[in-house]
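Chemist:
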Amino acid sequence: GGGSGHGRANVEVPPGDPVVSGGLSAQEILQVVRANLNQIRHCYEQLLQRSPSASGKLAVNWTIGANGRVTSVSIAESSISDSQMKGCVTGSIRRWAFPEPRGGQAVEVSYPFTFNPI
């Protein structure tokens, strides 16, 4: 249904490439991140309902296994202390499906998300 228009959430991904090592390119990672960004935005919208002025940055590290599935996710750096928000973000990323890395080589990704209320 409608909505009052406040509590809109803005999630920015950095203009540069994510830091990636292993069998996938930054572009391949970016495609999946962009396709799933609405999940991350949803996590932030839930946080804004709890504290409307919350903003900050989460740098997330994750590992993509040989089958393209995410095998581990951790928060590397965070200016957002809300544990529900962090759990929501890591839980979302854990479900993402990436292309299978070339050479069956696991991929390490480090990626910063920036969150601002609109």
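Count the sequence shown with our numbering and you get residues 15 to 132, in order.
Yeah, the Cβ is synthetic: ideal placement off N, Cα and C, and Gly gets one too.
Because the structure is a prediction, the values reported are computed rather than measured.
#1: Considering only C-alpha positions, which residue in the set 111, 83, 102, 57 is nearest to residue 22?
#2: Check for me: the beta strand (DSSP E) holding residue 91 runs from which residue to which?
#3: Could you compute how far the alpha carbon of residue 123 sits from the alpha carbon of residue 59?
#4: Count the CB pairs spanning the region 85 to 93 and the region 42 to 52 that are closer than 8 Å, and state whether there are at least three.
#5: So within the region 34 to 122, which uninterrupted alpha helix (DSSP H) runs reach at least 4 residues, ignoring any that extend past its ends?
#6: Is the region 30 to 38 close to the region 60 to 73, with three or more CB pairs under 8 Å?
#7: Do residue 40 and residue 77 come within 8 Å of each other at the CB atom, strictly closer than that value?
#8: For residue 132, does the count of other Cβ atoms within 10 angstroms reach 16, so buried, or fall short, so exposed?
#9: At the level of alpha carbons, what is the spacing between residue 16 and residue 93?
Modeler: Short version:
#1: Residue mapping note: residue 22 aligns to position 8 of the sequence shown, counting from 1. Scanning 111, 83, 102, 57 for the CA closest to the CA of residue 22 turns up 57.
#2: Here residue 91 corresponds to residue number 77 of the sequence shown, with the count starting at 1. Segment 84 to 92, the beta strand (DSSP E) holding residue 91.
#3: Within the sequence shown, residue 123 is the residue found at index 109, counting from 1. Within the sequence shown, residue 59 is the residue found at index 45, counting from 1. Each residue's Cα considered, the two are about 24 Å apart.
#4: A contact is defined here as three or more CB-CB pairs under 8 Å, and the region 85 to 93 fails this definition with respect to the region 42 to 52.
#5: You should have 40 to 49, 51 to 64, 97 to 108.
#6: When C-beta atoms of the region 30 to 38 are compared with those of the region 60 to 73, fewer than three pairs fall below 8 Å, so the two segments do not count as touching.
#7: Counted from its first residue, the sequence shown places residue 77 at position 63. Counted from its first residue, the sequence shown places residue 40 at position 26. Note that the C-beta distance between residue 77 and residue 40 is not below 8 Å.
#8: Counting from 1 along the sequence shown, the entry for residue 132 is found at position 118. Per the 10 Å Cβ criterion, exposed.
#9: Taking the first residue of the sequence shown as position 1, residue 16 is located at position 2. Taking the first residue of the sequence shown as position 1, residue 93 is located at position 79. Any reading at residue 16 must be qualified, since the residue scores a pLDDT of 44, below 50, and its modelled position is unreliable; no value is offered.
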